[in-house]
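Participant: In my numbering, the protein residues as written are 63 to 328.
The beta-carbon is built from N, C-alpha and C at its ideal position, and this holds for glycine as well.
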Ligand SMILES: C[S@@+](CC[C@H](N)C(=O)[O-])C[C@H]1O[C@@H](n2cnc3c(N)ncnc32)[C@H](O)[C@@H]1O
């Protein structure tokens, strides 16, 4: 499956900031609780973006681990390196395209993690088998992604605003099904942990900022909804009207993120 997708730094960081400001739970804290982390580990974070998870592991393990992050986006890697420099360059970041063989020997890592990225892989069995290959025996793979019930309110507002069916999203349409099954087939033990985080918006603006960043990030997936900047602004105007109506009716807007953390042992 060919997935046309390119994360931009500003869209990703806008969404991360909105989660931090309006969410009631902290996903990084939850990950640290679920993950079997220990000092001395060798960790690879695939699709590391601006390095959020790498820096969280580094702080949690007081710097006593070998942590690498790989991503296909040079722009996000540059952002990660900026932060890395401030922290004494303790993480090693490099270009990694998970649609190609990973440039690492077999059995290198104790933990491979991949947050909100695996569902952009063109060939899921290939990417997951690469993750499996570079893990040591007994090592863990941890992935996060949206469950089918994720962000229902977001999709309902868009549906009401446009009168159109939502196109299948690579995340919610593949994560709990194809991706979970592939991991189950390859690994000896698999557990799924659920993280629910309601984002409560006290006015429509942050919801609209989130929607803007989300639709523009995934613009190629939404190409039946908009092609040009004008179409995009037209859709955003309709979404604004519906969000305003819902807000007046309910007094607030609540969008619940439902994330599945798949923890697998090789
Ligand atoms: C939603 S972001 C998540 C980033 C980071 N893990 C986080 O949670 O902040 C998805 C990431 O997947 C990366 N990605 C997409 N396609 C990729 C590929 N073929 N190989 C490696 N990374 C890829 C993007 O560049 C982006 O950094």
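1) Please work out which residues of its chain come closer than 8 Å, Cβ to Cβ, to residue 199, disregarding the five sequence neighbours upstream and downstream, and give them in chain order.
2) Compute the Euclidean distance between the alpha carbons of residue 104 and residue 165, then round it to the nearest angstrom.
3) Going by beta-carbon coordinates alone, are residue 173 and residue 324 separated by less than 9 Å?
4) Could you compute how far the alpha carbon of residue 216 sits from the alpha carbon of residue 301?
5) DSSP has residue 256 in a bridge; who is on the other side?
6) To the nearest angstrom, report how far apart residue 126 and residue 100 are at their CA atoms.
7) Assuming contact is defined by CB atoms lying nearer than 9 Å, are residue 279 and residue 74 in contact in what I supplied?
8) If you measure from the CB of residue 301, is any heavy atom of ligand 1 nearer than 8 Å?
9) Who does residue 85 pair with in a DSSP beta bridge?
10) Considering residue 207, what are the terminal residues of the beta strand (DSSP E) in which it resides?
11) Within 10 Å of its beta-carbon, does residue 151 have 16 or more other beta-carbons around it, so buried, or fewer, so exposed?
12) Can the beta-carbon of residue 145 be found less than 9 Å from the beta-carbon of residue 183?
13) Please confirm whether residue 118 and residue 90 have their CB atoms less than 9 Å apart.
14) In this structure, what does DSSP give as the bridge partners for residue 174?
15) I'd like to know whether the C-beta atoms of residue 219 and residue 160 end up nearer to each other than 9 Å.
16) The alpha helix (DSSP H) spanning residue 241 covers which residue range?
17) Locate the alpha helix (DSSP H) running through residue 128, then write down its first and last residues.
18) Pull up the distance between the alpha-carbon of residue 67 and that of residue 94, whole angstroms please.
19) In terms of residue numbering, what span does the alpha helix (DSSP H) encompassing residue 288 cover?
20) Under three-state DSSP, which class holds residue 158?
21) Taking 8 Å as the cut-off, is the C-beta of residue 304 nearer than that to any heavy atom in ligand 1?
22) From the DSSP output, in three-state form, read off residue 315 for me.
23) Residues in the same chain with beta-carbon distance under 7 Å from residue 274, minus the five sequence neighbours each way, listed in chain order, please.
24) Touching or not, the region 256-265 and the region 313-324, by the rule of three or more beta carbon pairs under 8 Å?
25) Apart from the five residues just before and just after residue 244, which ones in its own chain have a Cβ nearer than 6 Å to its Cβ?
26) Quick check on residue 251: does DSSP put it in helix, strand or coil?
Facilitator: Considering the structure as presented:
1) 169 and 328
2) 15 Å
3) no
4) Looking at the backbone, the Cα of residue 216 and that of residue 301 are separated by about 10 Å.
5) 322
6) 9 Å
7) yes
8) Result no, Cβ not under 8 Å from ligand 1.
9) 261
10) 197-208
11) exposed
12) no
13) It is a contact, given that the beta carbons lie within the stated cut-off.
14) 106 and 203
15) Between residue 219 and residue 160, the C-beta spacing is not below 9 Å.
16) That residue, residue 241, is in no alpha helix (DSSP H); it is neither H nor E in DSSP.
17) Taken as a continuous stretch (DSSP letters only), residue 128 belongs to no alpha helix (DSSP H), being part of the beta strand (DSSP E) at 128-133.
18) Confidence is the limiting factor: at residue 67 the pLDDT is only 47, short of 50, which leaves the residue's position unreliable, though a coordinate-based value still follows. Cα to Cα, the separation comes out at about 28 Å.
19) Unbroken run through residue 288: none, as it is neither H nor E.
20) coil
21) no
22) Three-state DSSP puts residue 315 in a strand.
23) Correct list, in chain order: 298.
24) yes
25) 186, 187 and 190
26) strand
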